[in-house]
Amino acid sequence: MSSVRVRFAPSPTGPFHIGGARSALFNWLFARHCGGAFIVRIEDTDLERSTRESEENILAALRWLGMDWDEGVQVGGPDGPYRQTERLDIYRQYVERLLLDGRAYRCYCTEEELAAEREALLKKGEMPRYLGRCRNLSPEDCFRLEKDGRRPVIRFRVPEGEVINVRDLVRGDVSFECGGIGDFIILKSDMIPTYNFAVVVDDHLMSISHVIRAEEHLPNTPRQILLYNALGWSLPEFAHVSLILGKDRSKMSKRHGATSVEQYQEKGYLPEALDNFLALLGWSPGGEEEIFTLEELKQQFTLERVAKSPAVFDLDKLNWLDGHYIRQSPLERVTDLAVPFLEKAGFIATPLSRGKYEWLKMVVDSVREYLNCLEEITVHASIYFMDGVEIEGKEAEEVLAGEQVPAVLSAIQKKVASREELTNPEVKLLLKEVGKELGVKGKQIFMPLRVALTGSTHGPDLNQIMVILGKDKVSDRLARMLGKIAGQV
RNA sequence: GGCCCUAUCGUCUAGUGGUAAGGACAUCACCCUCUCAAGGUGGAGACAUGGGUUCGAAUCCCGUUAGGGCUACCA
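All residue numbers for the first sequence refer to our numbering, where the first residue is 1302 and numbers rise by one.
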């Protein structure tokens, strides 16, 4: 009886918003924390905008983020179907019941009439709402209007003078006066229920114990409570989580950059980083730890620790978290995830041979510490794949201008030529020898070499660059640079 | 306009009447180092405002201000 059952009920009308992902995550974490059930229901009553493609994206994204569901679309369950457009006959039964009880009525008002009413109310400084023009239509009136070709909507008769109190687990008690609500539509003229109605019927029929959703639904809640009452159903617990804001503190939207889960996936963010980040937006475990696995989040998540105030989406922190996970994940995994980006950049072609894969692991290992997301790997890894070396910037030019440079580079070139293969200890030794023989110090040999090999004064460990590049490429780049310098003189 | 929500460092947050207001990201300095990054150490940085309540308020109450949400035959 007291078992926890929560749901995530997205409307498949576009890209899966990051805020939706957080709502899903909170629901999922709560369910898993309590040993309850997590249900996924599709709210596709907006026929215009809902698409199957969007639904599939959302579901795939949930899975990618590591969430599974016990009942719902794709997995089935005892309270199905889980797509609202497949439950139309269910809703109609309850509409019928409300109609019979006199709790709902047919309304034939046209859009123009409604707009005029709205306008007038707004002018008077009142909350725009339906005033109930069709409240007391006789059956004869209805018949006549339908003869004229008017299709009715069904409105819920909102009781007058009542105050509806919403008990919210994160916000406390919030009350609304019925006077400000107005008879709202529960069944559209095309016989499709509205959100407010379908959500109540489904949550009840699916025995949802806790409705955890975004704060934007808070003003809808009194309407839903009215419906629960009229249908004689007991209320679930409500928990309204505050919104995720953009940098300018308005609701996160496209102009704030990437807002969909898919976009982050495409940039090569790791799902555990996104989970970790999203969990910390509006929830905090109280301790001083910031890094959490899904497993740890499951153990620690409670509704009591959900914050009331809205949270700004902080890309810097996501980047830090993702960078952390990229650095600390097993090298093979990061390599596998990086392959598509490298391939897209034209650096590699799949399938990879065993040897090439092993080599690629070294590449990834040498640059992973620079990354905020895998997409960025191409700019750092390009030094291993580019054909000719391009000198980047003044600083690099200056390094090459040093008078010891030709001697140093050709000495290295000779040593390299004399080796079978470049290994890390050998490279180290080789450079040491060059320094000793020519009497030049570390920086004076490392920097020119770095620039000759990569074109830049910055980059990964130089020994490692030599090893990864290998004897042939090192020789080639050295020769070219030597030629270039000679040509300039 | 009306209804509703919110208010601690730039950002995410801890705090639930008595704290030097703690942590993390970002930022700055230093260390490490051929460089950059990573890592380590340290610094700077906040209770929106005005009234109450109280011996004592970031914490409780009211107003103001600011931000946000909702105001559809969208969810």
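Note that beta-carbon positions come from the ideal geometry of N, C-alpha and C, so glycine has one too.
Buried versus exposed, by CB contacts within 10 Å (16 or more), Gly1569: Around the beta-carbon of Gly1569, 16 or more other beta-carbon atoms lie within 10 Å, marking it buried.
Among Phe1457, Ser1304, Phe1331 and Pro1311, the one whose alpha carbon lies nearest that of Arg1606: Out of Phe1457, Ser1304, Phe1331 and Pro1311, Phe1331 has the C-alpha closest to the C-alpha of Arg1606.
Sequence-distant residues of its chain with Cβ nearer than 8 Å to Gln1525 (five each side left out): These residues qualify, in order along the chain: Asn1497, Val1500 and Val1501.
Val1471 to Lys1489 span [Cα, whole Å]: Per the coordinates, the alpha-carbon of Val1471 lies some 32 Å from the alpha-carbon of Lys1489.
Beta-carbon proximity list for Ile1247, same chain, < 7 Å, skipping 5 on both sides: Beyond the ends of the chain as shown, which are 1302 and 1790, falls residue 1247; an answer cannot be given.
Bounding residues of the alpha helix (DSSP H) (the contiguous stretch that carries Leu1401): Leu1389 to Leu1401 is the span of the alpha helix (DSSP H), which, as asked, contains Leu1401.
Backbone secondary structure at Ala1405 - three-state DSSP: Look at Ala1405 here: in three-state DSSP terms it is strand.
Per-residue burial, Asp1503 [other beta carbons within 10 Å of its own, 16 or more giving buried]: Residue environment: Asp1503 is assigned as buried (16 or more neighbouring CB atoms within 10 Å of its CB, all protein chains considered).
Span separating the alpha-carbon of Leu1616 from that of Pro1453: Approximately 48 Å, taken between the alpha carbons.
DSSP state of Phe1331 mapped onto helix, strand, coil: In the three-state scheme derived from DSSP, where H, G and I count as helix and E and B as strand, Phe1331 is classed as helix.
Leu1731 versus Asn1725 - alpha carbon distance: Taking the straight line from one Cα to the other gives about 10 Å.
Of the residues Phe1578, Glu1414 and Gly1403, the one placed nearest Leu1326, counting alpha carbons only: Nearest option by C-alpha distance: Phe1578.
Minimum C-alpha distance to Ala1646 - residue among Thr1679, Ser1324 and Ile1746: When only C-alpha atoms are compared, the closest one is Thr1679.
Alpha carbon of Gly1337 to alpha carbon of Asp1380, nearest angstrom: Looking at the backbone, the Cα of Gly1337 and that of Asp1380 are separated by about 16 Å.
Which of helix, strand or coil DSSP assigns to Lys1742: Coil, per DSSP.
Helix, strand or coil at Ile1319 according to DSSP, with G and I counted as helix: In the structure shown, the three-state DSSP call for Ile1319 is helix.
For Gly1321 and Gly1315, the rounded distance between their alpha carbons: Approximately 11 Å between the Cα atoms of the pair.
Supposed contact pair Lys1716 and Glu1696 - C-beta distance, whole angstroms, cut 8 Å: The beta-carbon separation of Glu1696 and Lys1716, rounded to 26 Å, does not stay under the 8 Å limit for a contact.
Bounding residues of the beta strand (DSSP E) (the contiguous stretch that carries Asn1798): An answer regarding residue 1798 cannot be provided, because it is not within the stretch 1302 to 1790 covered by the chain.
Ala1540 - containing beta strand (DSSP E), residue span: It spans Glu1538 to Val1542 - the beta strand (DSSP E) in which Ala1540 sits, taken as one unbroken run.
Alpha-carbon spacing of Met1302 relative to Phe1339, whole angstroms: At Met1302 the pLDDT is 45, less than 50, meaning the model places this residue with poor confidence; the figure from the coordinates comes in the next sentence. Straight-line Cα distance between these residues: approximately 16 Å.
Gly1743 versus Ile1545 - alpha carbon distance: Distance between the alpha carbons of Gly1743 and Ile1545 is about 51 Å.
contact_flag[the stretch 1407-1417, the stretch 1442-1457] where n(CB pairs < 8 Å) is 3 or more: The stretch 1407-1417 vs the stretch 1442-1457: in contact.
Leu1488 - DSSP class collapsed to helix/strand/coil: Looking at Leu1488 - three-state DSSP - the assignment turns out to be strand.
Cβ distance (whole Å) where Ile1482 is taken to contact Pro1523 below 8 Å: Rounded to the nearest angstrom, the Cβ distance from Ile1482 to Pro1523 is 7 Å, consistent with a contact under 8 Å.
Cβ-based burial, Ala1540 [other Cβ within 10 Å; buried from 16]: Per the 10 Å Cβ criterion, buried.
C-beta contact flag for Phe1747 and Leu1763 at 8 Å: When the beta-carbon positions are compared, Phe1747 and Leu1763 come within less than 8 Å of each other.
Segment contact, 8 Å Cβ cut-off, at least three pairs: the stretch 1462-1470 with the stretch 1429-1439: Taking 8 Å as the limit for Cβ pairs, the verdict is that the stretch 1429-1439 does not touch the stretch 1462-1470.
Complete runs of the beta strand (DSSP E) confined to the stretch 1554-1581 [at least 3 residues]: Qualifying beta strand (DSSP E) stretches: none in this window.
Nearest residue (CA-CA) to Ala1682, options Gln1629, Pro1631 and Lys1662: Considering only Gln1629, Pro1631 and Lys1662, the residue with the shortest C-alpha distance to Ala1682 is Lys1662.
Simplified DSSP state of His1505, which is helix, strand or coil: Reduced to three states, the DSSP call for His1505 is helix.
Short Cβ contact (8 Å threshold) for Leu1710 with Leu1750: Yes; because the gap between Cβ atoms is below 8 Å, this pair is in contact.
Unbroken beta strand (DSSP E) run spanning His1511, endpoints: That run of the beta strand (DSSP E) goes His1511 to Ala1515.
Residues that Ile1545 bridges to, as DSSP identifies them: Per DSSP, Ala1612.
Span separating the alpha-carbon of Thr1352 from that of Pro1313: Roughly 6 Å separates the two Cα atoms.
Sequence-distant residues of its chain with Cβ nearer than 7 Å to Val1376 (five each side left out): Trp1370, listed in sequence order.
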